[in-house]
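Following: one structure in structure tokens, then a few remarks.
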Amino acid sequence: MKVKIDIDCTPDEARSFLGLPDVSRINEAMVDEVVRRTEANLESMEPEALMRQWSSIGGQMTNQFMEMMRQAGTTPGSGKGS
């Protein structure tokens, strides 16, 4: 046996019915702060500086990957005297 109940209500009505607190003001304050910080950081970052930073990280990751591949390709005991 299946029972299906559809409840048509707004999020505010559901929150009130379930006894949950209204966090809309806190949510708005947090979103405003995230937007403010994001805009402040975007204004301080130059595209050229971002590209230099990203390309240096990419180069380091490539070097680390290549070193890992070299180590994986070297079998223990493959040196002299084996």
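Residues 220 to 301 (my numbering) make up the sequence shown, in order.
By construction, the Cβ of each residue, glycine as well, lies at the ideal position given by its N, Cα and C atoms.
Task: Sequence-distant residues of its chain with Cβ nearer than 8 Å to ALA268 (five each side left out) - done: Numbered from 1 along the sequence shown, position 49 holds the residue referred to as residue 268. Cβ neighbours of ALA268 beyond the five flanking positions: none.
- [ ] Taking ASP241 as part of the alpha helix (DSSP H), name the residues at either end of that continuous run.
- [x] Within the sequence shown, the letter at position 22 stands for residue 241. First-last for ASP241: undefined, no H or E at that position.
Task: Distance, MET287 Cα to THR281 Cα - done: By one-based count along the sequence shown, residue 281 stands at place 62. By one-based count along the sequence shown, residue 287 stands at place 68. Near 10 Å, if we compare the C-alpha coordinates of MET287 and THR281.
Task: Backbone secondary structure at VAL222 - three-state DSSP - done: Numbered from 1 along the sequence shown, position 3 holds the residue referred to as residue 222. Three-state DSSP puts VAL222 in coil, outside helix and strand.
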